[in-house]
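Heads up: the structure comes next, in structure tokens.
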Amino acid sequence: MISKVHPLLRIALLLYIVLTASFCYVFILRGLENAPPLAFAGFRTSIGGVTLLGISALRTGHILPERRLWKWVPWVALTATSLTFGTMFLSPGFAGAGIASILGNAQPLFIAAIGFFFLRERLSPLRTLALLFGLIGVIVIVSPSFGAEENALLTGSLIALMTSFSAAIGTVLGRYIKLGDSIVAFVGTQLATGGIILLFASSLFENDSIRWTPAFLGILLFLAILDTAFVAWAWFYLLQREQASGIGMYLFLVPVLGVVWAYVFAGERPEPTSFLGGAIVLLAVFTQEFEGFRRRVR
Numbered sequence: 000m001i002s003k004v005h006p007l008l009r010i011a012l013l014l015y016i017v018l019t020a021s022f023c024y025v026f027i028l029r030g031l032e033n034a035p036p037l038a039f040a041g042f043r044t045s046i047g048g049v050t051l052l053g054i055s056a057l058r059t060g061h062i063l064p065e066r067r068l069w070k071w072v073p074w075v076a077l078t079a080t081s082l083t084f085g086t087m088f089l090s091p092g093f094a095g096a097g098i099a100s101i102l103g104n105a106q107p108l109f110i111a112a113i114g115f116f117f118l119r120e121r122l123s124p125l126r127t128l129a130l131l132f133g134l135i136g137v138i139v140i141v142s143p144s145f146g147a148e149e150n151a152l153l154t155g156s157l158i159a160l161m162t163s164f165s166a167a168i169g170t171v172l173g174r175y176i177k178l179g180d181s182i183v184a185f186v187g188t189q190l191a192t193g194g195i196i197l198l199f200a201s202s203l204f205e206n207d208s209i210r211w212t213p214a215f216l217g218i219l220l221f222l223a224i225l226d227t228a229f230v231a232w233a234w235f236y237l238l239q240r241e242q243a244s245g246i247g248m249y250l251f252l253v254p255v256l257g258v259v260w261a262y263v264f265a266g267e268r269p270e271p272t273s274f275l276g277g278a279i280v281l282l283a284v285f286t287q288e289f290e291g292f293r294r295r296v297r
């Protein structure tokens, strides 16, 4: 039986995931000045996967996960990596870093729905309320774009929603599969596999080449190691021990911080609704934490 995560470790891992992931779209937007999206995404995930495989080899002496897990690698690689990262890198070019970050991290909505039907994860009244607050917060943040006439914004929004949907499928699969001691090897293998798929897609559909500047290389290594390898490991580690819908709620914080970083580093001025939506999202997370606190007290 897999033990529960210590509360302090849980908070530390969730904080790392949220903070690191919230920088993602700003760095992607900068990196896209030097690389086509699919190639950029492919190198990011491939390097992240190889990093974890190297760690697995050093820790256990094994690069590949247990044989019983091999059949799951293509499915998780396609959803959690190829589709998720491919659309993630495509969306900011159409919708900007702020909107792409908001819609690309609407995973909790999809996770709750998919988890309910396939994992039988029941939603308590408080968790349902938290999910509702999160949904309202995201809608408030993104509401200024509802009346926009630009086709690019609509296209980017739909692509970003595909990011959330595919990532949610990967999350539910990560919760369903019992990885045992093969977490590092499995996550590394699926990242590397998904990266190869992205690089193959890039060779078919993209004509531009990467400009390997020092700045781009620094962005790529940050995204690949700190924001892919370690975040993916931390996420799958938590998924083996927590309800997918429970920890998925904290992903609502990513777009809130993403709007802040988009303003600070990309000059995208947030609308007043961003502050109101952000406050509602924080209320959602507080409600989720209160649910967990009440359960621990009982």
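No gaps in the numbering here: position 31 of the sequence shown is 30 in numbering that gives the first Met the number 0, and each next residue is one more.
In this text, a Cβ means the ideal position worked out from N, Cα and C, and glycines have one as well.
CB of residue i within 8 Å of CB of residue j, strictly
i       : j       : result
Ala-231 : Leu-190 : yes
Ile-279 : Ala-184 : no
Leu-160 : Leu-102 : yes
Leu-108 : Thr-286 : no
Ile-158 : Phe-93  : yes
Ala-228 : Leu-77  : no
Ala-283 : Phe-251 : yes
Val-75  : Arg-240 : no
Pro-64  : Thr-188 : yes
Ala-243 : Gly-169 : no
Ala-111 : Leu-130 : yes
Asp-226 : Thr-86  : no
Straight-line Cα distance separating residue j from residue i
i       : j       : result
Ile-135 : Ala-56  : 45 Å
Tyr-262 : Ser-21  : 12 Å
Leu-256 : Arg-67  : 39 Å
Met-0   : Val-171 : Because Met-0 sits at a pLDDT of 46, beneath the cut-off of 50, its placement in the model cannot be relied upon, and the following sentence gives the value as read from the coordinates. Distance between the alpha carbons of Met-0 and Val-171 is about 19 Å.
Tyr-249 : Phe-132 : 12 Å
Val-49  : Gly-247 : 26 Å
Ile-176 : Val-253 : 25 Å
Ala-200 : Leu-125 : 43 Å
Ile-195 : Leu-203 : 13 Å
Lys-70  : Cys-23  : 30 Å
Phe-155 : Ile-27  : In the sequence on display, residue 155 carries Gly and not Phe. About 14 Å.
Arg-58  : Thr-83  : 28 Å
Val-259 : Val-25  : 10 Å
Val-17  : Arg-29  : 20 Å
Phe-115 : Leu-178 : 21 Å
Gly-217 : Pro-6   : 33 Å
Val-186 : Phe-88  : 20 Å
Ile-10  : Val-72  : 28 Å
Gly-245 : Ser-123 : 10 Å
Gly-60  : Gly-53  : 9 Å
Thr-192 : Leu-275 : 40 Å
Arg-119 : Gly-173 : 15 Å
Phe-264 : Leu-219 : 17 Å
Asp-180 : Gly-266 : 44 Å
Ile-113 : Glu-205 : 33 Å
Phe-117 : Ile-224 : 31 Å
Pro-213 : Ile-182 : 32 Å
Whole-angstrom C-beta distance between residue j and residue i, which should lie under 8 Å
i       : j      : result
Leu-237 : Leu-14 : Between Leu-14 and Leu-237 the Cβ distance is about 12 Å, and since that is not below 8 Å, they are no contact.
Leu-8   : Ser-81 : No, Leu-8 and Ser-81 are not in contact; Cβ-Cβ is about 30 Å, not under 8 Å.
Phe-221 : Ala-34 : With 8 Å as the limit, Phe-221 and Ala-34 do not qualify as a contact, their Cβ atoms being about 14 Å apart.
8 Å Cβ cutoff, residue i in contact with chain B
i       : result
Gly-136 : Of the protein chains in this structure there is only one, and it is not chain B.
(message) Closer than 8 Å is the cut-off here; do at least three beta carbon pairs connect the stretch 39 to 57 with the stretch 157 to 168?
(response) no
(message) Between the stretch 197 to 211 and the stretch 26 to 41, can you find at least three pairs of beta-carbon atoms closer than 8 Å?
(response) yes
(message) As an exercise, report each continuous beta strand (DSSP E) stretch of at least 3 residues that is fully enclosed by the stretch 207 to 243, in chain order.
(response) none
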